[in-house]
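Numbering (the numbering used here), first residue to last: 5 to 81.
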């Protein structure tokens with residue numbers, strides 16, 4: 005078996021990894037849906053609705069299948 009990968013079908017090399025492990029504060033806004041780095045429970049979704057910002061880089065979120073929770077911004081992927 006031979007794998008034929010041409011330059012045109014290869015992944016673009018313009019992609020750059022994020023410099024920060026967390027989302028910039030400016031991209032986190034009340035009312036916005038964000039992905040969680042890990043579900044809060046085995047039965048909850050992996051997305052959350054941002055409800056309000058708390059001190060020390062934490063957010064109150066609503067997670068389908070779980071309800072309201074407070075998470076650190078680093079958990080918002």
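Glycine residues also receive a C-beta, built at the ideal position from the N, C-alpha and C atoms.
Excluding the 5 residues preceding and the 5 following residue 34 in the sequence, name in chain order all residues of the same chain whose CB lies nearer than 8 Å to its CB.
Mapped onto the chain shown, residue 34 falls at position 30. Around residue 34: 54, 55, 56, 57.
Output the distance between the C-alpha atoms of residue 46 and residue 68, rounded to the nearest integer angstrom.
As a working mapping, residue 46 is identified with position 42 in the chain shown. As a working mapping, residue 68 is identified with position 64 in the chain shown. For residue 46 and residue 68, the distance between alpha carbons rounds to 12 Å.
Just the C-alpha distance for residue 38 and residue 62, rounded to the nearest angstrom, thanks.
Counted from its first residue, the chain shown places residue 38 at position 34. Counted from its first residue, the chain shown places residue 62 at position 58. Taken atom to atom, the span from the alpha-carbon of residue 38 to that of residue 62 is near 14 Å.
When the Cα atoms are used, what is the spatial distance from residue 42 to residue 36?
Start at 1 with the first residue of the chain shown, and residue 42 comes out as number 38. Start at 1 with the first residue of the chain shown, and residue 36 comes out as number 32. Those two C-alpha atoms are separated by around 18 Å.
CB-CB under 7 Å to residue 44, same chain, minus the five flanking residues each way: which ones, in chain order?
Start at 1 with the first residue of the chain shown, and residue 44 comes out as number 40. Residues 67, 70, 73 of the same chain have their beta carbon placed closer than 7 Å to that of residue 44, with the five preceding and five following residues left out of the count.
Taking Cβ to Cβ, would you say residue 65 is nearer than 8 Å to residue 77?
The residue you call residue 65 lines up with position 61 of the chain shown. The residue you call residue 77 lines up with position 73 of the chain shown. No, the pair does not count as a contact, with Cβ atoms beyond the cut-off.
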